[in-house]
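**Q**
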Amino acid sequence: MAELTKPPSAMRQYAILLRVGLASAMQYRADFVMTAVGAICYEAVSLAFVGVIVYAFGSIGGWSLVEVAFVYGIRSMGHALHGILSGQLWTADGVVRRGEFDRYLLRPVNPLIQLLARRFQVTAVGDIVFGAVVLAVTAVAAPISWSLASVVFLIAAVIGSALVESAVMLAIASLTFRLLASSPILSVADTVFVTFGPYPLSVLPRTVAHLLTFVLPLAYAAFFPAAVLLDRTTELFVPTWLAFASPVVGLLLYAAAVLFFHRQMRHYSSPGH
Amino acid sequence: MTLVRQVLSQVRIGCLTPWAYRASMLLSFLVLALQVALFSVVWRAIYAGHSGPVAGVDVDTAVGYAVLSLTVATVLNTSPYSSIESRVRDGLIGVDLTRPIGLLTQSLAVQAGYVVATLPAAAVGLGTGLAVRGLAPPPDVSDTVRFAVSLLLAFGVSQLITLLMSLTSFWTLEVGGVGMAFFVVRTFMSGAVVPLWFMPDWLQAIAVALPFQASTYTPIAVYFGRPPGGFVSAVGLQALWIVILTGLCLWLWSRAKHRVVVQGG
Amino acid sequence: MSLSVSAVDDLPSDAAQRPLVRAAGLVKEFRRVKRVSGRLGGLRTLFSRDYDVIRAVNDVSFDIHSGELVGYLGPNGAGKSTTIKMLTGILTPTAGAVSVADRDPSRERKANALNIGVVFGQRSQLWWDLPLRESFRAVRDLYGVPTMEGDRRQHELVKLLDMDEFLDAPVRQLSLGQRMRGDIAAAMLYQPRLLYLDEPTVGLDVVAKQRIREFIAHVNAERGTTVVLTTHDLEDVEQLCRRIVLIDHGRVLYDGALTELMARYAPYRDLVVTLASPADVAVNGAEQIGRDGPVVTLRFRSDRVKAPEIIGAVTAAHEVVDLSVAEPRLEAVIGRIYTQRGLPESPA
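Which chain is which? The protein sequence lines are B, Z and E, in order. Just so you know, we're using my numbering here: the first sequence kicks off at 1056 and counts up by one. Just so you know, we're using my numbering here: the second sequence kicks off at 79 and counts up by one. Just so you know, we're using my numbering here: the third sequence kicks off at 54 and counts up by one.
Here it is as structure tokens:
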């Protein structure tokens, strides 16, 4: 009666795998807590870095401490959501090299879903707590008169921020099928995201700012939406509508990255012949 | 004589292991080059709105500091500690214990090998620094010698810190979280990304109380002719940390031996 | 698509004729970047565009019919795993075609996944940190096995494989034999028509091996599950497989009945006699192939002479204390094929 067996929807399968991953992670409760706390430290230190600089310099390119912190807040909440969705991409090269990907191709489940839900990203729990606190505090402190529309835009911007970062990382991780190593390239992208992430990109030389808009699209992940909300769109180096469209850009980029992953997957050559 | 041979064999292994993943290694050099370039852009952008030095540091020193600190941190602060961790987890640590060479010596030798393997990164970092015109030579020759002495001590401090961290994996089988927190605290408190000069006093006080600054910040501060508390006390503090860290490692190891957890079986 | 296929499958006449698995002219080539040696060799290798082409599987064809239990054998590096990976849809063939239940496994991956169960002896599909029971639940959920049906099958498998006592233990704590039973059960939970077993007995003790073999024989005989077995343990093959496919250097060397292989390449028996006093034995129709003190081994063609005739001749000439007749071992035949890297001349 094999006809009775019908795999559930992709979303449901994703949920099943997340449940299993979470149950696995909870087997090591102490480590779960430690890892989440470790993640908070990680983020706190990066905030401290920005904090030290703004403290020493008073302001950056005319952006005050609260304004820079608000850019950082959007970025860190987006980064947290990105971690839940895409944290496992860092393991892509191991999964491919060790042949774990074989198993993903044998189950009636989309292989990308299996990769993304491979383990539960415990660090994301810490990131979310940290990101939520920082975003809430900086959003209140920032000189913004909040309305329903601006709150909706903020939420969309945070999701868009996660999708932008995830899209970049997914596109890079897709190269694993050909290169067998992608985590160093992920580090390159991550380095750029971490280094430039919290700053108002308008202070950078134009070439660099354009690179971060059109090549490694960091600008949509925090600076553009923050500029829109802080009403500093006059400083933008792109048309204002593009800054407003940041969440949509995130969605489009992620869709493109998913397509790219599935194309690259054809190059998978399982290890050990 | 045999000890020298044993140690050298482990150094060799530590040196060859990272190069087994050539592509990763070469790309990590690329990351360094990129970081050096990015930080020089960031520092210049930050200084753009200010005329004159901030906290007594001018833009060239800030950029030069970034070039050196990123380079030194990449070469010295390697993280082969994951090897003890993974071997404890896989229950292979028992194999290591049967080798005719102490685990601490063995680990330190392997780590030193990693550092040797990563040495080309120094050329990459400094080369990029020169290319972005971000590196000035030290004020005079005696500063160069002092820098070399302090750098040598920094090597000792950083290797002992790495070893200490790896020893904790006997207690926390999953060092993921701890390792991560450790990595960033080390990166931040060592002054690898931002010099202690810019920190508020209370933060400087914390940084000075921790060993990390002795592994990166101290030699570079020496390079720019501003050793914290004068050269002698800066170097003395580094030496003191080497003694303290060695003691801590020996103590932790004696405790760990009592509870070698061989997983599974 | 899937409806029409299963409707056709239900017609017994058609299903009986069409093979469940068809491999036709399978070729798989891998490209490997040529290592550049010498100064900066590593760096140059990274940017090199020179490839060596390795042909791991070279024109392999065979059919497997529903209900068969086939041993797929070959020395290390013969191309076994690569073939299995093409049959399961992990790899796409460079040339040739695979169909499993009329589907191309690499194109219709998800549909094919429901038809096949795959067990790798070396790599578990179970969730390491969770109790075995949770792995079963996850597999059932992912494949969409209806709850009642799943409960029934799981209960049956647990009983058959005697897994009750470790069902609640985390997989990482299981012994190799227990884990293997769990892996095989996980692959059978959604009742695939076809089961691929890659070294299912590797590293197991005698009792554990026997249990696995009995289970394989059971599902093949009772449920009609088609089984493709790769193994280096020829006892698995002797006990389970009627048919074997033997490959080396990516080519099929032999495809046929196990008994046929033995009859063709080892059509002899060995008679081992212990004499009262040491002596050489010369008997018509048999050849003395070894002597160790009073123990003499004689080999004779079982298709030409009957064992009793030889025994009669020996006992007539010598005082015999003990005797036994040994059949040739598959191991000896396969061993010869592997070392010669080809089929031996069949004895004239």
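For every residue, glycine included, the Cβ atom is placed at its ideal position computed from N, Cα and C. It should be emphasised that the depicted structure is a prediction, and the values quoted were computed from it without experimental measurement.
List, in order along the chain, the chain E residues whose C-beta lies closer than 7 Å to that of V1164 (chain B)?
**A** Within 7 Å Cβ-Cβ: L195.
**Q** Would you say V374 (chain E) reaches chain B, if we count a Cβ-Cβ gap shorter than 9 Å as a contact?
**A** Not closer than 9 Å to any Cβ of chain B, the Cβ of V374 (chain E) fails to qualify, so no.
**Q** In chain B, which residues lie less than 9 Å from I117 (chain E) when you measure between Cβ atoms?
**A** Within 9 Å Cβ-Cβ: nothing; I117 (chain E) doesn't reach chain B, min ~18 Å.
**Q** Would A1276 (chain B) pass as an interface residue toward chain Z - the criterion being a Cβ-Cβ separation below 9 Å?
**A** No - not a single Cβ of chain Z is within 9 Å of the one on A1276 (chain B).
**Q** Would you tell me roughly how many angstroms separate the C-alpha atoms of M1056 (chain B) and A77 (chain E), rounded to the nearest one?
**A** For M1056 (chain B), the pLDDT reaches just 44, beneath the cut-off of 50, and the residue's location in the model is therefore unreliable, leaving the point undetermined.
**Q** Below 9 Å between beta carbons: does that hold for D194 (chain E) and Q1169 (chain B)?
**A** Cβ atoms of D194 (chain E) and Q1169 (chain B): not closer than 9 Å.
**Q** Runs of 4 residues minimum, wholly inside the segment 148-200 of chain E: which ones carry the alpha helix (DSSP H) assignment?
**A** Counting only runs of 4 or more, we get 162-168 and 185-196.
**Q** What are the boundary residues of the alpha helix (DSSP H) that includes V286 (chain Z)?
**A** V286 (chain Z) -> alpha helix (DSSP H) spans D279 to A287.
**Q** Would you identify the three-state DSSP class for F1208 (chain B), choosing helix, strand or coil?
**A** Of the three classes helix, strand and coil, the one that applies to F1208 (chain B) here is helix, per DSSP.
**Q** Is the shortest distance between the beta-carbon of L1230 (chain B) and the beta-carbons of chain E less than 9 Å?
**A** No, L1230 (chain B) lies away from the interface with chain E (no Cβ there is under 9 Å from its Cβ).
**Q** Counting only the same chain and skipping the five closest in sequence on each side, list residues whose C-beta sits under 6 Å from that of F1315 (chain B).
**A** So the list reads A1226 and S1229, once near-sequence residues are dropped.
**Q** Looking at C-alpha atoms only, which residue of B:P1260, B:P1272, B:Y1254 and B:A1111 is the closest neighbour of A1282 (chain B)?
**A** The shortest C-alpha separation from A1282 (chain B) is found at B:Y1254.
**Q** Pull out every residue of the segment 127-151 of chain E whose Cβ sits closer than 8 Å to any Cβ of chain B, in chain order.
**A** Result list: G130, G132, S134, T135, K138, T141, G142, I143, L144 and T145.
**Q** Distance cutoff 9 Å, beta carbons only. Does G1149 (chain B) sit that close to anything in chain Z?
**A** Chain Z contact via Cβ: absent.
**Q** Is there a Cβ of chain B sitting closer than 9 Å to that of I169 (chain E), yes or no?
**A** Yes, I169 (chain E) counts as interfacial toward chain B.
**Q** Should Y104 (chain E) be flagged as near chain B, meaning a C-beta pair shorter than 9 Å?
**A** No, Y104 (chain E) lies away from the interface with chain B (no Cβ there is under 9 Å from its Cβ).
**Q** Strictly below 8 Å CB to CB, what residues from chain B border F266 (chain Z)?
**A** Here the neighbours are V1100, A1103 and F1104.
**Q** Just checking F1316 (chain B) against the ligand FMN - is the residue's beta carbon closer than 8 Å to any of the ligand's heavy atoms?
**A** Here there are no bound small molecules, and the ligand FMN is not part of this structure.
**Q** Output yes or no for whether 9 Å exceeds the beta carbon distance between H1137 (chain B) and G1252 (chain B).
**A** For H1137 (chain B) and G1252 (chain B), no; Cβs fall outside 9 Å.
**Q** Does any residue of chain B bring its CB to less than 9 Å from the CB of Y243 (chain E)?
**A** Chain B contact via Cβ: present.
**Q** Helix, strand or coil for V210 (chain Z) per DSSP?
**A** In this structure, V210 (chain Z) counts as coil in the three-state DSSP scheme.
**Q** What are the residues of the segment 177-194 of chain E that lie near chain C, defined by any Cβ-Cβ distance shorter than 7 Å?
**A** You won't find chain C in this structure, because its protein chains are B, Z and E.
**Q** Could you tell me the distance, in whole angstroms, from the CA atom of P1163 (chain B) to the CA atom of L167 (chain E)?
**A** Taking the straight line from one Cα to the other gives about 7 Å.
**Q** Using the beta-carbon count (16 or more within 10 Å), is Y1292 (chain B) buried or exposed?
**A** The question names Tyr, but residue 1292 (chain B) is Phe in the sequence shown. Exposed.
**Q** Could you name the residues of the segment 1304-1325 of chain B whose beta carbon sits closer than 9 Å to any beta carbon of chain E, in the order they occur along the chain?
**A** Correct list: R1321, Y1323, S1324 and S1325.
**Q** Can you find a CB in chain B that lies within less than 9 Å of the CB of V198 (chain E)?
**A** Chain B, which has a Cβ nearer than 9 Å to the Cβ of V198 (chain E), makes this yes.
**Q** Under a Cβ-count criterion, where at least 16 other Cβ atoms within 10 Å of its own Cβ denotes burial, should S1101 (chain B) be classed as buried or exposed?
**A** That one is buried.
**Q** Thinking C-beta only, is L140 (chain E) closer than 9 Å to Y243 (chain E)?
**A** No, they are not a contact pair.
**Q** Between A385 (chain E) and chain B, is any beta-carbon pair separated by less than 9 Å?
**A** Not an interface residue.
**Q** I'd like to check one pair, L324 (chain E) with L376 (chain E): are the Cβ atoms closer than 9 Å?
**A** Yes, these two residues count as a Cβ contact at 9 Å.
**Q** Kindly list the residues whose CB is nearer than 6 Å to the CB of Y391 (chain E), restricted to its own chain and excluding five residues on each side of it in sequence; keep chain order.
**A** For Y391 (chain E), where only same-chain residues beyond five positions count, the Cβ hits under 6 Å are P128.
**Q** For V255 (chain E), which residues from the same chain have a beta carbon less than 6 Å from its beta carbon, with the 5 sequence-adjacent residues on both sides left out?
**A** Once the five neighbours on either side are set aside, the close Cβ partners of V255 (chain E) are G174.
**Q** Restricting to Cα atoms, I'd like to know which of E:N337, E:R322 and E:V336 is closest to V378 (chain E).
**A** Here the closest residue by C-alpha is E:R322.
**Q** So is M267 (chain Z) buried or exposed if we call it buried at 16+ other beta carbons inside 10 Å?
**A** Counting Cβ neighbours within 10 Å, M267 (chain Z) comes out buried, since at least 16 surround it.
**Q** Return no unless some Cβ of chain B is closer than 9 Å to the Cβ of F219 (chain E).
**A** By this cut-off, F219 (chain E) is not an interface position.
**Q** With a 10 Å radius around its C-beta and 16 neighbouring C-beta atoms as the bar for buried, classify S1141 (chain B) as buried or exposed.
**A** Buried: at least 16 other Cβ atoms inside 10 Å.
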